[in-house]
Structure formats: structure tokens, C-alpha cells
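Residues 291 to 679 (the numbering used here) are what the sequence shown spells out, left to right. In this text, a Cβ means the ideal position worked out from N, Cα and C, and glycines have one as well.
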Amino acid sequence: MEREPSPRPSRRIGGLVQSDIRRMTRECEKVGGINLGQGICDLPTPPLVREGAIAAIRANRSTYSFPEGDLSLRREIARKLERQNGIRADPGTEIVVTVGATGAFAAAVHALLDPGDGILLFEPYYGYHLNAAILAGLEPHFLALEVPGFALREAALRAAIRPNTRAVVVCTPSNPSGKMFERSELEIVARVARERELLVITDEIYEHIRYDGREHVPPATVADLRDRTVTIMGLSKTFSITGWRLGYAVAPEPLARAITLAHDLFYVCAPTPLQHGAAQGFRAPESFFEELASDYARKRAATCEALADAGLAPIVPQGAYYVLADVSRLGYATAREAAQAILAEAGVATIPGTAFFTGAHGDRFVRVCYAKEDDVLAEACRRLRSFRG
Ligand code: PLP
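Written out as C-alpha cells, the structure reads:
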């Protein structure tokens with residue numbers, strides 16, 4: 291029998307594959323293509339936020355903050371939650387500033403779930419949710435929402451819950467589908483979560499990026515979900531600061547305390563001077579958030595039109611800044627081959643749908659990210675239009 295090498299990667303990490311998202315970014319760099327693959331938002335950071343962080347660095351605010359984050363930022367977040375989300379949260383005990391929404395999710399699953407617990411993801415899912423859950427020793431369960439509407443049905447949700455399911459993840463607006471859960475769907479989640487005593491973990495990082503006047507409904511504002519929900523929100527996408535690594539989690543006090551402890555053990559705290567910069571961002575006028583949405587609406591329209599012209603039918607997103615495009619007309623056996631052909635021939639990187647689906651639909655789609663400056667996006671659209679496969 292062959293002996294396993296030692297030291298070796300853990301069995302948990304050994305089961306994970308590096309996501310196609312990173313791979314396509316590298317492939318794209320090799321050929322000097324335009325990267326509409328990874329959700330790297332390369333729009334400029336608002337001056338208010340940038341200058342706030344620079345001032346904090348100049349003022350030497352360089353030491354650890356509290357593990358749950360600087361209190362002035364948590365107060366700003368509490369005001370924002372009440373004003374924009376209709377969520378009342380105590381900044382002293384119910385808000386944890388985290389190392390991105392990613393850090394909030396990792397801390398939440400480690401703090402609130404045990405190895406062997408089941409966690410339900412709606413498919414198409416965001417790969418980090420899946421991999422972070424596996425790394426925490428959880429058992430992922432899936433409920434495939436039907437293409438193209440992705441409606442959640444109560445009977446299907448009930449059928450997807452297994453005896454060991456202890457949590458459900460709601461990503462709204464969703465990466466990669468752009469689906470925004472409606473109040474009636476969240477009421478279904480509330481009913482089933484109450485009956486089965488489930489924890490609900492949300493990911494609302496795209497809350498401000500939504501289209502056609504659609505309202506973002508935070509799950510914690512629906513029925514009695516507030517008491518069993520960890521609301522995760524982020525700053526990466528709102529202020530175009532993906533590299534700053536800031537986000538936050540909101541939860542009832544005992545859950546928030548456990549999340550703080552896990553977050554402290556992993557990261558100690560989120561970067562202190564950047565927390566001061568982000569606090570400035572929450573003082574931005576409402577028009578800032580409206581402009582953000584209308585800028586992305588323009589980019590969505592340009593991208594979806596180009597995809598349609600290229601015969602890659604888009605599922606027009608309701609929110610976030612990704613679109614699933616149907617590549618079946620290209621005739622490739624896999625989405626990976628289709629994405630490779632689009633990169634080789636059009637010089638545009640996309641992500642194979644298999645990164646977001648367990649089932650066969652993965653090979654029908656690629657995901658296209660349009661969080662790009664207008665001129666770069668215009669060139670990418672021109673290339674897509676001329677792509678004939
Ligand atoms: N959650 C979702 C759904 C995302 O799409 C992303 C980034 O693409 C993240 C979280 C990452 O957030 P953060 O930069 O705050 O860790």
C-alpha cells in the first residue's frame with residue numbers, strides 16, 4: 291500500500307479544488323485579455339473613503355481595534371442599518387466588523403455550526419460559501435433553483451432539508467445569477483427555518499447594486515427571521531475597496547459574541563485605519579448609492595446587449611454585477627471549453643458555469659462580470675459581438 295506523504299495538506303483542504311475563477315484570471319493574464327471573469331471591481335474608490343483612511347494612517351491609528359471593530363464604525367453601521375435596511379442593531383453587542391464579507395462568513399460558520407452539520411446552499415451558489423463550509427467540516431446540501439427565474443418553492447425547500455441540516459445560506463442579490471429574493475420567498479425561508487430551527491446566514495454584499503427599481507429585502511426584516519439570522523454585508527463592492535478587506539456581520543447578541551470570538555482567533559481585527567476610512571463612506575449622501583446602481587444598470591444593459599448579439603443569451607440579472615450567458619449554441623461539451631474558446635478567440639475571460647452549479651446546468655453557462663470602467667467594458671463588448679464561436 292502506498293504511504294501518504296507527510297506532512298501533507300489536511301483532508302479537508304485536499305478535497306477542495308482551486309476555483310476556475312483564479313485559473314481564468316491567470317489564463318487571461320497570459321494572453322493579455324480583458325478579464326470579465328473574476329469579480330474584481332476596478333472602479334475608483336470614493337475620495338471621502340480614501341481620504342478618511344489616509345488621514346487615519348497619518349494620525350497613526352495603526353494599532354489593533356477591538357475584535358468586533360472600532361466603535362465609531364459600528365455606530366455608523368448601526369445608523370446605516372436602520373436608515374437603509376430597516377434593521378435595528380445595537381452597535382455595542384450585535385455588530386461585528388470583519389475582514390470582508392468572506393471573514394464574516396468564515397467566522398460565522400465556525401462560531402455557530404459544528405463539523406458534520408449540514409448547510410443548505412441555493413444553486414447556483416457562490417463558490418466561497420461552498421468551500422468555506424467544507425473547510426469548516428460542514429456537509430453541503432443543495433437546492434437547485436430553476437433556470438432562468440430561480441424562484442424558491444416551499445415544497446422544494448422542505449424536501450431539501452435533511453435531518454442534519456442546521457443552516458441555510460441566502461445570497462441576495464445573488465452571485466452568480468443576479469437573483470433578488472422576494473419577500474414572499476423569504477417568508478417561505480422564515481416558515482421552514484422556524485419549523486426546523488435553522489440558522490439563516492445571508493450574504494447581502496450587493497445590496498446597493500440592483501435594477502429596475504427593485505427593492506432589496508434583507509431577510510432579517512422578514513417575519514421572525516431577525517432572531518435566527520446572521521446578516522452579512524460588505525463594503526468591497528459599495529466603495530470599490532475589494533482589497534481593503536472590510537465587511538460586517540449583524541446578529542443577535544449571543545451569536546454576535548461567538549462570531550467575534552472566532553473572528554478574533556482568525557484575524558484579530560479588521561485593518562484599523564481602513565475602518566476609519568470606511569466610516570466616512572457611510573456619511574455619503576443617498577445620491578451616491580443611487581448613482582452606483584444607475585452606473586451598473588448602464589453596464590448591465592451594454593453587456594447583455596453584446597451577449598445577445600453574440601448569440602450567448604443572457605439571463606438578465608435583477609441585482610449584483612454578473613450575468614449568466616448561455617453558451618450552448620457554441621456546441622462545446624463543457625463550459626470550460628466554451629470559456630477557453632471565448633478567451634482564445636475574443637480575448638475576453640469569463641467563468642465556466644460549473645464553478646456555480648453541481649448539476650448539468652453548469653456546462654450551459656458562463657458567468658460574465660461587468661464591474662469594469664466604461665471604456666474597458668465597451669472594448670470587451672465589441673470583442674464579444676465579433677465573436678462567432
Ligand atoms: N460574497 C459574494 C456573494 C461575493 O460575490 C463576493 C466577492 O465576489 C464576496 C462575498 C467577497 O466579499 P469581501 O470582499 O467583502 O470578502
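(1) Just tell me which of T648, R302, F529 and Y501 has its CA closest to the CA of A684.
(2) Is N325 close to ligand 1? I mean its beta-carbon at under 7 angstroms from any heavy atom of the ligand.
(3) Who pairs with M523 in a beta bridge, going by DSSP?
(4) Hey, would you say H553 sits closer than 8 angstroms to A422, going by beta carbons?
(5) At a cut-off of 7 angstroms, is C594 close to ligand 1 when judged by its beta-carbon and the heavy atoms of the ligand?
(6) In this structure, what does DSSP give as the bridge partners for F412?
(7) With V490 and L515 assumed to form a contact (beta carbons below 8 angstroms), what rounded beta-carbon distance in angstroms separates them?
(8) Check each residue's C-beta against every heavy atom of ligand 1 and list, in chain order, those closer than 6 angstroms.
(9) The beta strand (DSSP E) spanning N531 covers which residue range?
(10) Hey, could you find the ends of the beta strand (DSSP E) C659 is sitting in?
(11) Just reading off the beta strand (DSSP E) that T388 is part of, what are its end residues?
(12) For I735 and D310, I'd like the C-alpha separation in whole angstroms.
(13) Are A548 and V512 closer than 8 angstroms when you measure CB to CB?
(14) In terms of residue numbering, what span does the alpha helix (DSSP H) encompassing I367 cover?
(15) Measuring alpha carbon to alpha carbon, tell me which of I632, K527, I522 and D404 ends up nearest P542.
(16) Under three-state DSSP, which class holds R293?
(17) With distances taken Cα to Cα, identify the nearest neighbour of L371 among E497, Y354 and I424.
(18) Hey, how far is the Cα of R452 from the Cα of E595?
(19) Taking 7 angstroms as the limit between beta carbons, can you name the residues of its chain near T383, skipping five residues before and five after?
(20) Pop quiz: G390 and G537 are said to be a contact at Cβ under 8 angstroms. What is the actual Cβ separation, rounded to whole angstroms?
(21) Let me confirm a value: F556 is counted as buried when at least 16 other C-beta atoms fall within 10 Å, else exposed. Which label applies?
(22) How close, in whole Å, do the beta carbons of Y354 and C559 come, if the pair is a contact with beta carbons under 8 angstroms?
(23) Which partner residues does I491 have in the DSSP bridge list?
(24) Helix or strand or just coil, what does DSSP make of L614?
(25) Mapping DSSP to helix, strand and coil, what is V482?
(26) Can you give me the start and stop residues for the alpha helix (DSSP H) that F578 sits inside?
(27) If you run the structure through DSSP and keep just helix, strand and coil, what is A639?
(28) For the alpha helix (DSSP H) containing S300, name the first residue and the last one.
(29) Within a Cβ cutoff of 7 angstroms, which residues of the same chain sit near L633, ignoring the five residues on either side of it in sequence?
(30) Cβ atoms of Q565 and G359: under 8 angstroms apart, would you say?
Taking the coordinates as given:
(1) The chain is shown only over 291 to 679; residue 684 falls outside these bounds and no answer can be derived.
(2) Here the question's residue 325 lines up with position 35 in the sequence shown. No, Cβ of N325 sits at least 7 angstroms from all heavy atoms of ligand 1.
(3) Residue 523 sits at position 233 when you count from the first residue of the sequence shown. Beta-bridge pairing links M523 to Y538.
(4) Numbered from 1 along the sequence shown, position 263 holds the residue referred to as residue 553. Numbered from 1 along the sequence shown, position 132 holds the residue referred to as residue 422. No, Cβ-Cβ distance for H553 and A422 is not below 8 angstroms.
(5) Here residue 594 is taken as the residue at index 304 of the sequence shown, counted from 1. Not so, every heavy atom of ligand 1 lies at least 7 angstroms from the Cβ.
(6) Indexing the sequence shown from 1 puts residue 412 at position 122. BP columns for F412 point to L433.
(7) Position 200 of the sequence shown, counting from 1, holds the residue named residue 490. Position 225 of the sequence shown, counting from 1, holds the residue named residue 515. Indeed, because the Cβ distance is near 6 angstroms, the residues count as touching under 8 angstroms.
(8) G329, G390, A391, T392, Y416, C461, N465, D493, I495, G524, S526, T532 and G537
(9) Locating residue 531 in the sequence shown gives position 241, counting from the first residue. Inspection of the sequence shows that residue 531 is occupied by Ile rather than by Asn. It is not in any beta strand (DSSP E) - I531 carries neither H nor E in the DSSP assignment.
(10) For the purposes of this step, residue 659 is taken as residue 369 along the sequence shown, with counting starting at 1. F655 to C659 is the span of the beta strand (DSSP E), which, as asked, contains C659.
(11) Taking the sequence shown and counting its residues from 1, the one referred to as residue 388 is at position 98. Here the beta strand (DSSP E) through T388 covers I385 to T388.
(12) There is simply no residue 735 to check, as the chain begins at 291 and stops at 679 in what is shown.
(13) Start at 1 with the first residue of the sequence shown, and residue 548 comes out as number 258. Start at 1 with the first residue of the sequence shown, and residue 512 comes out as number 222. In this structure, V512 does not lie closer than 8 angstroms to A548 by Cβ.
(14) Here residue 367 is taken as the residue at index 77 of the sequence shown, counted from 1. Residues L361 to K370.
(15) As a working mapping, residue 542 is identified with position 252 in the sequence shown. That would be I522, whose Cα lies nearest to the Cα of P542.
(16) Here residue 293 corresponds to residue number 3 of the sequence shown, with the count starting at 1. Three-state result, R293: coil.
(17) Taking the sequence shown and counting its residues from 1, the one referred to as residue 371 is at position 81. The candidate whose alpha carbon is nearest that of L371 is E497.
(18) Position 162 of the sequence shown holds residue 452. Position 305 of the sequence shown holds residue 595. Between R452 and E595, the C-alpha separation is close to 41 angstroms.
(19) Your numbering for residue 383 matches position 93 in the sequence shown. Contacts found: E543 and A546.
(20) Translated into the one-based positions of the sequence shown, residue 390 becomes position 100. Translated into the one-based positions of the sequence shown, residue 537 becomes position 247. About 5 angstroms separates the two Cβ atoms, so the contact holds.
(21) By one-based count along the sequence shown, residue 556 stands at place 266. It is exposed - the Cβ of F556 has fewer than 16 other Cβ atoms within 10 Å.
(22) Here residue 354 refers to the residue found at position 64 when the sequence shown is read from its first residue. Here residue 559 refers to the residue found at position 269 when the sequence shown is read from its first residue. Sure, about 5 angstroms apart at Cβ, within 8 angstroms.
(23) Walking along the sequence shown from the start, residue 491 turns up at place 201. In DSSP, I491 forms a bridge with V459 and V520.
(24) Along the sequence shown, one-based indexing puts residue 614 at 324. Here L614 sits in strand by DSSP.
(25) Position 192 of the sequence shown, counted from the first residue, corresponds to residue 482. In this structure, V482 counts as helix in the three-state DSSP scheme.
(26) As a first step, residue 578 is located in the sequence shown; it is residue number 288 there, counting from the start. Residues E576 to D599.
(27) The residue you call residue 639 lines up with position 349 of the sequence shown. Note: A639 maps to strand in three-state DSSP.
(28) Start at 1 with the first residue of the sequence shown, and residue 300 comes out as number 10. No alpha helix (DSSP H) contains S300, which DSSP labels as neither H nor E.
(29) Stepping through the sequence shown from its first residue, residue 633 is reached at position 343. Counting only Cβ-Cβ distances below 7 angstroms, and skipping sequence neighbours, we find E317, C318, V321, G323 and A639.
(30) Here residue 359 is taken as the residue at index 69 of the sequence shown, counted from 1. Here residue 565 is taken as the residue at index 275 of the sequence shown, counted from 1. Yes, Cβ-Cβ distance for G359 and Q565 is below 8 angstroms.
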